[in-house]
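Chains E and L, in that order, give the protein sequences. At position 133 of the first sequence (counting the first as 1) the number is 133 in our numbering, and the numbers step up by one without a gap. Take any residue in the second sequence, note its place counting from 1, add 1000, and you have its number in our numbering. Note that beta-carbon positions come from the ideal geometry of N, C-alpha and C, so glycine has one too. Right, one structure below, let's go through it.
Protein chains: 2
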Amino acid sequence: MKFPLQRRPSGATVPWMGFVRRRREEWSWDGVTPRGYAGGAERHVLVGAADGATQVELRYFRIPAGGASVLERHPHEHAVLILHGQADVQLGDELHRVGPGDAVFVGSNEVHQLRAGSAEPLGFLCTAAVARLKGAPADSASAR
Amino acid sequence: MKFPLQRRPSGATVPWMGFVRRRREEWSWDGVTPRGYAGGAERHVLVGAADGATQVELRYFRIPAGGASVLERHPHEHAVLILHGQADVQLGDELHRVGPGDAVFVGSNEVHQLRAGSAEPLGFLCTAAVARLKGAPADSASAR
């Protein structure tokens, strides 16, 4: 894995500088425009390649009550933490009921889906390696 | 980045299977033994290499009120989300006051430290690439 230096606006080549992404009301953040999906789901990229991250992305997903993420599989792993709401998580052939504070690991190429409970929206943090964005077979526009 | 297949106990080589890590009372999880640090800080690895993760780690850190993480720099990036408490985050030469829901990105080789407020313990999620564990210069026993 490479740890590249980034060119800053001044033209000087120095290590990329970090930043703070402030939470606004509820689950939204300054400077983050949610991307919407069919069914009302939203993805908020808190830290991503567009911010200069080269290793790890951190995203917040919101799924409406009764909705679900796409049932999918891909080479990149996910580490997830449920923030609010309830979900049934499919991992391969297994289904797990989870709630706030529970963590979920999705293995490489494992079929997975998060289905929100009917009572309230589901919100979760989801990590993925930035490197998945380059050349992996599942890196279509729908890859999460 | 490689996406290796893992050998399961049965001996069959299949993609590694995910899992759920259930939250217990407060901020602790089934099957996760916190590692303690000087000053009372704790690291809880929710998803890590020991669990079969090969790409992304997800950890929870708890810093006592008035305490701080180690002031350090290393090649691996961090994406952080504050879960509870307040903190002053040092990123390079800058200091940022943050609270629950705020996200922080720590760039590669950026000096950083999280200092808990005096009123209550600080808790935050912190991600890092698993690959940092192999051969990077900063991968000493103290690397977080």
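Residue j beta carbon less than 8 Å from that of residue i
{"i": "leucine 1091 of chain L", "j": "valine 1070 of chain L", "result": "no"}
{"i": "alanine 129 of chain E", "j": "alanine 1129 of chain L", "result": "yes"}
{"i": "arginine 1059 of chain L", "j": "histidine 1044 of chain L", "result": "yes"}
{"i": "alanine 1041 of chain L", "j": "phenylalanine 1061 of chain L", "result": "yes"}
{"i": "leucine 95 of chain E", "j": "isoleucine 63 of chain E", "result": "no"}
{"i": "valine 1056 of chain L", "j": "valine 89 of chain E", "result": "no"}
Cross-strand partners of residue i (DSSP beta bridge)
{"i": "arginine 23 of chain E", "result": "E:Trp29"}
{"i": "aspartate 1088 of chain L", "result": "L:Arg1097 and L:Arg1115"}
{"i": "histidine 76 of chain E", "result": "Paired residue(s): none; histidine 76 of chain E is not in a bridge."}
{"i": "glycine 18 of chain E", "result": "Its beta-bridge partners do not exist; DSSP assigns none."}
{"i": "glutamate 1110 of chain L", "result": "Paired residue(s): none; glutamate 1110 of chain L is not in a bridge."}
{"i": "tyrosine 1060 of chain L", "result": "L:His1044 and L:Leu1125"}
{"i": "valine 104 of chain E", "result": "E:Val80 and L:Val1020"}
{"i": "glycine 1066 of chain L", "result": "Paired residues: none, contrary to the question."}
{"i": "glycine 52 of chain E", "result": "Beta-bridge pairing links glycine 52 of chain E to no other residue."}
{"i": "glycine 36 of chain E", "result": "E:Glu42"}
Residues of its chain near residue i, where Cβ-Cβ distance is below 6 Å and the 5 sequence neighbours each way are ignored
{"i": "arginine 21 of chain E", "result": "Trp29 and Leu46"}
{"i": "methionine 1017 of chain L", "result": "none"}
{"i": "arginine 23 of chain E", "result": "Trp29"}
{"i": "arginine 1035 of chain L", "result": "Arg1043"}
{"i": "glutamate 1025 of chain L", "result": "none"}
{"i": "alanine 1131 of chain L", "result": "none"}
{"i": "tyrosine 981 of chain L", "result": "Nothing about residue 981 of chain L can be reported from this structure: the residues present for chain L run from 1001 to 1144 only."}
Cβ-based neighbour list, residue i, same chain, cut-off 8 Å, excluding 5 preceding and 5 following
{"i": "alanine 1065 of chain L", "result": "Gly1085, Ala1116, Gly1117, Ser1118, Ala1119, Glu1120, Pro1121 and Leu1122"}
{"i": "phenylalanine 19 of chain E", "result": "Asp51"}
{"i": "tryptophan 1027 of chain L", "result": "His1044, Tyr1060, Arg1062, Leu1083, His1084 and Gly1123"}
{"i": "asparagine 1109 of chain L", "result": "Arg1073, His1074 and Pro1075"}
Whole-number beta carbon distance between residue j and residue i, since they are thought to touch under 8 Å
{"i": "valine 104 of chain E", "j": "arginine 73 of chain E", "result": "The pair is not a contact, with the Cβ atoms about 15 Å apart (cut-off 8 Å)."}
{"i": "glycine 39 of chain E", "j": "glycine 67 of chain E", "result": "5 Å"}
Same chain, Cβ closer than 7 Å to residue i, neighbours up to 5 away in sequence not counted
{"i": "isoleucine 82 of chain E", "result": "Val98, Gly99, Pro100, Gly101, Asp102 and Phe124"}
{"i": "cysteine 126 of chain E", "result": "Arg59, Phe61, His78 and Val80"}
{"i": "alanine 87 of chain E", "result": "Val98, Leu114, Arg115, Ala116, Gly117 and Leu122"}
{"i": "valine 32 of chain E", "result": "Arg21, His44, Val45 and Leu46"}
{"i": "aspartate 93 of chain E", "result": "none"}
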